[in-house]
Every structure is written in structure tokens, then in C-alpha cells.
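The next block holds one structure in the form of C-alpha cells; read it before the comments.
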Amino acid sequence: MEAPKLAALARTWVVRMNEHDVEAVLALYADDAEHVSPALRVQQPETNGIMSGKDKLRAWWTDAFSRLSTLRYELKSVTAQAPDRVVIEYERFVDGEETLRVAEIFEINDAGLIKRSRVYRG
């Protein structure tokens, strides 16, 4: 995928996450997508921070949006690495919680869908 399309995918992801639209977010992911997150490791230790498949991702984000009704992301940078990777930096805001600086790497499959996402917090 060309760099501008990768960047557009990342921006779309942020918009859909901020809308808390689980199905719209999932439409950006491959059916067998893998998600790696330190938050997942804390909330569901048995996963060791890794989950695969849209059904598990759906449950994860449905729960997150329910628990964190004020969750929103503010995109700070997008670095597209054609043909199959994009790195985003964003700030995570939730009322009553400390603002988090986050980096997330998306690996993209040949169909233009996210096949792997890895979250890093600092």
C-alpha cells in the first residue's frame, strides 16, 4: 500500500475509535488480526497481552468503550512505512485519568486491512 493510503487508514482508525464505533473499527481489521497491548495484559492477564480474531477484539473494545465512556485519542503524528506498516503517536484522554502518550504500530495485509497492531505506552 502506498504511504498516503497507509496514513489515511491510520487517521480513519483514530476517528472511528473516537466515535466508539466498534463495528467501524473492526472493519479496518483482518478477520485473524492480532492485537498486542499492555492494557490487555493488565485487564486480562491470561492473554499475556495478546489476542487474535475479530470476535475477541469486538469484546475487548466493547468493554473498553463501556468502561471508559470519555475515552478519546488525539493524533500527534503518523509515519507511513510503505508498503505495509504505519506508526502513529497519540495522546489518550479519559476523564479522571492521567493523559497517556501512546505509540501504535499497524502492520497491513495485502487487502489493506490491519493484520497486527502493537501498542506501546510511555
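Counting in the working numbering, the sequence shown runs from 2 upward without gaps.
Each residue gets a CB set at the ideal place from its N, CA and C atoms; glycine is no exception.
- Unbroken alpha helix (DSSP H) stretches of 4 residues or longer found wholly inside the stretch 8–89: 23–27, 39–44 and 55–68, given in chain order.
- Within its own chain, no residue has a Cβ closer than 6 Å to the Cβ of asparagine 49 once the five positions on either side in sequence are excluded.
- Membership of glutamate 105 in the beta strand (DSSP E) is indicated by the continuous run 101–109.
- Glutamate 99 and threonine 71 have their C-alpha atoms roughly 13 Å apart.
- Residues of the same chain with a CB within less than 8 Å of the CB of glycine 54, apart from the 5 flanking positions on each side, are Asp32, Asp33 and Ala34 in chain order.
- Distances from the alpha-carbon of glutamine 44 to those of Ala9, Trp61, Tyr30 and His36 put Trp61 closest.
- Between alanine 11 and valine 87, the C-beta gap is smaller than 8 Å, which places the two residues in contact.
- Around the beta carbon of alanine 112, fewer than 16 other beta carbons lie within 10 angstroms, which makes this residue exposed.
- In the assembly as shown, serine 67 is an exposed residue. Its beta-carbon has fewer than 16 other beta-carbons within 10 Å.
- In its chain, beyond the 5 residues on either side, Leu10, Trp14, Leu29, Tyr30, Ala31, Ala34, Phe107, Glu108 and Ile109 have a beta carbon closer than 8 Å to the beta carbon of isoleucine 115.
- Apart from the 5 residues on each side of it in sequence, proline 39 sits with its Cβ closer than 7 Å to the Cβ of Gly50, Val120 and Arg122 in its chain, given in chain order.
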